[in-house]
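If you count by our numbering, then the sequence shown holds residues 13 to 791, one letter each, in order. Contents: one structure, followed by commentary.
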Amino acid sequence: MNTDSIYIEILKESDHLRIKERLPNNDIYSRFDYVYPNMQMIEERSDAIVDEINQALRHQPLQTSSLDLLKKLGLLLWDELLSARFKEIFQTANKPFLYLELDYQLLHIPWEILFDGETFLCEKFYMGRSKIITPENIIPCKKREDQKPLKMLMVSNSVKELPNAVKEGKKIRDIFDCIDQRHEYILTSQKTDLSLAELKEQLRDYDFIHYAGHAEYIKEKSSESGLKCTDGIFKASDVKKMENSAAMPLIIFSNACQSARLQAINWEHHEDPNIQNNAAGLATAFTMRGVKHYIGTYWEIQDKPGRHFSELFYNEFINNKPIGEIIHHTRKLFQKRFPKDISWISYIFYGDPKKIYTLKPGTNIILPGTGDSETDKSTNTTRAKGQNPQPQEKNRIPWETEKPRRQSNWKSIFCIMLFFICGILLWDIRQEISRSNTIAEQIKVIKPGVHTIYQQSNKMKQIPLTNQQANLVFLKKQQEGAHITLSDLNHLLTQINQLKYAWLTHPENIRIEVISIQDQLNQIIADMHLMTIRIQLKKQLDERYQRTEGLYQQYKSMVKLPPEKDHWTFGPLSLAMVFDSKMVHENESLILHAIQSQIKQEIPEIVLIERESFDKLLEELIRKGPHQSKLYQPVLLLFLATHFNENEASIISMRLDDIEKGTIIALTDDIIHSNRPILQQKQVLSQKIISILKSTLPEYPIRGRIFDIIQDKIRLNIGQKHGVAIGQQFNVVETGIVLKVKSTLPESCFCVIVSGNETIKKGLKVSMVVQPLSFKKTE
13 MNTDSIYIEI LKESDHLRIK ERLPNNDIYS RFDYVYPNMQ MIEERSDAIV DEINQALRHQ
73 PLQTSSLDLL KKLGLLLWDE LLSARFKEIF QTANKPFLYL ELDYQLLHIP WEILFDGETF
133 LCEKFYMGRS KIITPENIIP CKKREDQKPL KMLMVSNSVK ELPNAVKEGK KIRDIFDCID
193 QRHEYILTSQ KTDLSLAELK EQLRDYDFIH YAGHAEYIKE KSSESGLKCT DGIFKASDVK
253 KMENSAAMPL IIFSNACQSA RLQAINWEHH EDPNIQNNAA GLATAFTMRG VKHYIGTYWE
313 IQDKPGRHFS ELFYNEFINN KPIGEIIHHT RKLFQKRFPK DISWISYIFY GDPKKIYTLK
373 PGTNIILPGT GDSETDKSTN TTRAKGQNPQ PQEKNRIPWE TEKPRRQSNW KSIFCIMLFF
433 ICGILLWDIR QEISRSNTIA EQIKVIKPGV HTIYQQSNKM KQIPLTNQQA NLVFLKKQQE
493 GAHITLSDLN HLLTQINQLK YAWLTHPENI RIEVISIQDQ LNQIIADMHL MTIRIQLKKQ
553 LDERYQRTEG LYQQYKSMVK LPPEKDHWTF GPLSLAMVFD SKMVHENESL ILHAIQSQIK
613 QEIPEIVLIE RESFDKLLEE LIRKGPHQSK LYQPVLLLFL ATHFNENEAS IISMRLDDIE
673 KGTIIALTDD IIHSNRPILQ QKQVLSQKII SILKSTLPEY PIRGRIFDII QDKIRLNIGQ
733 KHGVAIGQQF NVVETGIVLK VKSTLPESCF CVIVSGNETI KKGLKVSMVV QPLSFKKTE
């Protein structure tokens with residue numbers, strides 16, 4: 013038995029509970045406590061509070077009042093269900109893992125929310141309901157082996173009912189694709205709106221099942237509770253029938269309303285098999301049939317919080333941690349990011365909390381979690397069947413979700429909208445135009461055509477007086493060489509759109525001219541729009557640099573940095589990234605990871621400092637106050653800023669700085685295609701910055717000094733931690749001698765002379781010979 017775990021067995025006997033801690037020793041005697049709870053009061057109060065929470069959820073997100081209700085219920089459970097000895101065990105324990113071995117008559121109690129006045133039980137421990145003690149005859153099930161690649165099925169209801177459930181499945185697929193593009197360790201499939209027959213047929217074909225959709229809970233008969241399919245409910249009683257069959261999945265995450273809630277068993281008739289069968293819910297049905305780990309909820313959850321919790325869960329899941337620790341950490345992350353939402357308390361876990369599913373050896377990925385950025389209409393939509401007004405029609409959609417169809421005149425409409433928002437950026441736009449004549453040249457090209465059209469239009473009086481005046485302003489600006497603004501172009505485009513239809517009955521050459529100028533104007537306005545976005549992103553990068561540089565100087569001034577003994581010795585080149593840690597768009601974390609992975613893959617010579625955004629690390633260290641610095645200080649900082657628009661071009665801008673020199677090395681940006689998965693674009697998105705880093709690398713060679721000379725071997729004061737590897741070559745500065753590394757230690761290395769015959773001595777400077785790096789072509 014493990015010394016980092018607590019094993020608690022709780023049995024129901026007549027009118028009392030018997031609680032025992034199983035200890036990791038071989039003592040003959042084992043102590044247990046009797047507790048006499050008022051079960052009727054517990055069950056009535058639990059049901060009343062959960063019903064009140066469910067009712068509130070259908071109208072607004074969970075608020076402080078709901079948290080207060082849960083704390084009161086948790087205190088009641090704490091007082092009624094635990095003896096004084098076990099209260100002390102839970103409060104003073106320094107072991108992280110908690111195994112609950114529960115009598116089947118006690119499964120309906122929300123043990124996770126026991127509250128000692130300060131924390132809930134699920135906040136304190138990596139807990140799991142690891143064993144169900146029952147008199148029922150358990151028919152052995154075939155064992156599913158944990159073999160690679162693992163197969164995962166994500167099932168959701170239609171986008172019309174639960175739009176976030178569909179997004180949830182797509183995001184989970186992207187998370188797994190990030191770590192395993194060749195699908196050596198996990199294969200993911202996504203399906204929506206399955207029928208009962210389809211779900212039953214496919215359930216046992218997979219190792220992992222993630223269900224995001226509606227569930228129905230029948231309070232009086234939880235065996236009739238289940239998951240919504242297109243033609244009915246996949247009930248707990250249906251699961252119980254799946255005995256003596258193929259192996260069940262290893263994990264089922266049922267991210268739906270009350271998917272782990274069970275009916276209370278009447279204690280007076282608990283031995284009646286009908287009572288037992290009726291009380292069996294989804295959690296007990298699945299685990300009884302061989303599912304090793306089951307995750308569900310105790311009360312209703314809203315669509316968006318449910319999505320956020322699961323995304324945070326799988327971001328942790330890919331890092332090869334115990335599943336109990338993953339759920340515990342997910343609760344903490346959810347609390348931190350959504351402090352007003354208490355959905356995290358609702359999740360209940362059945363299974364061994366120390367089980368680790370290794371998805372990829374050595375995986376240790378940190379994907380910044382989800383943000384709450386969508387402004388859809390599903391804010392108060394719960395995942396309880398029958399509680400939502402959305403239509404229930406079948407809507408089988410492809411998982412490569414198509415973008416909304418664009419109307420033929422969307423650019424014109426968008427340009428008119430730009431008129432109202434471009435004013436504050438007008439000066440920056442003018443400056444940008446003055447530096448680049450591309451747009452100005454484009455405007456000159458269409459000037460003669462505009463003259464011709466308006467001369468003809470004026471004769472026929474096709475244009476209202478106000479538009480004529482706007483046109484005169486535009487032409488006057490052109491003649492005077494003044495800068496044309498977006499509002500000028502929008503006025504002109506509106507007139508051109510009117511003329512396109514007004515001239516349908518006029519000479520063909522005029523109609524063609526109108527259409528041609530309209531197309532050119534659309535392109536000019538699109539270019540100016542992109543220019544505006546680039547200016548905004550550049551401002552964001554400048555602000556992030558100023559903020560980070562200020563934090564870095566503040567950090568350096570307050571911490572006790574060790575004195576620098578040797579200004580020459582250097583290595584390896586290190587890089588940290590600064591980004592918006594809120595990650596309000598779901599693709600931002602994927603882009604960040606894609607760029608990080610490409611840098612690590614193509615330039616292993618650079619040490620990439622991952623974890624959080626570098627400015628957040630500095631803030632945390634400054635809050636802790638003066639101390640001996642343990643921060644791995646980067647040489648280069650890569651700042652990222654993104655602009656996302658589902659129907660327009662999305663852009664990522666990057667700025668590379670040398671933080672010590674205070675110089676900008678490069679500023680670049682690229683287009684993000686909204687109709688293509690991020691993972692398919694990762695080489696394109698990272699190509700420019702990788703090219704810049706490769707060309708910069710020779711300016712930052714590993715440097716050191718000759719530390720000792722032992723016969724024909726030369727020892728340098730740099731080693732593995734500086735980036736030195738066997739086979740590397742070093743020039744001895746101001747000589748013609750070249751050294752080659754033969755062996756390495758953490759702090760030093762041994763070399764031999766491969767060329768040059770000059771005298772060599774201790775203290776001479778050496779600099780690594782940097783070989784030209786190849787640049788991979790991107791399709």
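The C-beta atom is built at its ideal place from N, Cα and C for all residues, glycine as well.
So residue i packs on residue j, CB below 8 Å; how close in whole Å?
i, j, result
"ILE730", "THR581", "6 Å"
"LYS774", "ILE721", "6 Å"
"CYS763", "ILE726", "5 Å"
"LEU679", "LEU585", "Not quite, the Cβ-Cβ distance comes to about 20 Å (not below 8 Å), so this is no contact."
"ILE357", "PHE132", "6 Å"
"ALA259", "ARG156", "4 Å"
"ALA297", "LYS252", "5 Å"
"GLU64", "LEU89", "Actually they are not in contact, since the Cβ atoms of GLU64 and LEU89 sit about 16 Å apart, beyond 8 Å."
"LYS333", "ILE368", "7 Å"
"ASP669", "ILE676", "6 Å"
"ILE335", "ASN256", "Not really, about 28 Å apart at Cβ, beyond 8 Å."
"SER249", "ILE313", "With a Cβ gap of about 23 Å, SER249 and ILE313 do not count as contacting."
"TYR197", "LEU29", "Going by Cβ atoms, the distance from TYR197 to LEU29 rounds to 43 Å, so no, they are not a contact pair."
"VAL778", "GLY716", "5 Å"
Does residue i pass the burial test, meaning 16 or more other C-beta atoms within 10 Å, or should it be called exposed?
i, result
"THR544", "buried"
"ASN769", "exposed"
"VAL753", "buried"
"GLU148", "exposed"
"GLU328", "buried"
"GLN692", "exposed"
"PRO261", "buried"
"HIS120", "buried"
"VAL766", "exposed"
"SER755", "exposed"
"ASP158", "exposed"
"LEU602", "buried"
"GLY562", "exposed"
Helix, strand or coil for residue i? Go by DSSP, reduced to three states.
i, result
"ASP128", "coil"
"HIS541", "helix"
"SER26", "coil"
"PRO317", "helix"
"THR654", "strand"
"MET300", "helix"
"ASN256", "coil"
"LYS415", "Below a pLDDT of 50, predicted positions are generally treated as unreliable, and LYS415, at 34, falls in that range; the measurement from the model is reported next regardless. Three-state result, LYS415: coil."
"VAL764", "strand"
"VAL781", "coil"
"GLY583", "coil"
"VAL571", "coil"
"GLU173", "coil"
"LYS203", "strand"
"GLN699", "helix"
"VAL590", "strand"
"THR15", "coil"
Could you name the residues that DSSP lists as bridge partners for residue i?
i, result
"GLU33", "ILE20"
"THR342", "Answer is none; THR342 lacks a bridge partner."
"THR309", "TYR359"
"ARG667", "PHE651, LEU679"
"PRO334", "ILE368"
"GLU228", "GLY238"
"SER168", "THR204, ALA224"
"ASN267", "ALA224"
Next item on the list: For the stretch 216 to 224 and the stretch 159 to 178, state whether three or more C-beta atom pairs, one from each stretch, are separated by less than 8 Å.
Entry: yes
Note to self: Any contact between the stretch 548 to 567 and the stretch 705 to 724? By contact I mean 3 or more CB pairs, one from each, below 8 Å.
What the structure shows: no
Next item on the list: Indicate whether the contact test is met: 3 or more Cβ pairs, each with one atom in the stretch 114 to 121 and one in the stretch 318 to 326, closer than 8 Å.
Entry: no
Note to self: Does the stretch 230 to 243 come into contact with the stretch 321 to 334, if we say contact requires no fewer than three beta-carbon pairs (one atom in each stretch) closer than 8 Å?
What the structure shows: no
Note to self: For the stretch 130 to 138 against the stretch 102 to 112, do three or more pairs of beta-carbon atoms, one drawn from each stretch, fall closer than 8 Å, so that the two count as touching?
What the structure shows: yes
Note to self: Counting beta carbon pairs with one atom in the stretch 299 to 308 and one in the stretch 340 to 349, are three or more of them shorter than 8 Å?
What the structure shows: no
Margin query: For the pair the stretch 361 to 369 and the stretch 207 to 214, tell me if three or more CB-CB distances fall below 8 Å.
Written below: no
Next item on the list: Give a yes or no on contact between the stretch 177 to 185 and the stretch 196 to 203, applying the rule of three or more CB pairs nearer than 8 Å.
Entry: yes
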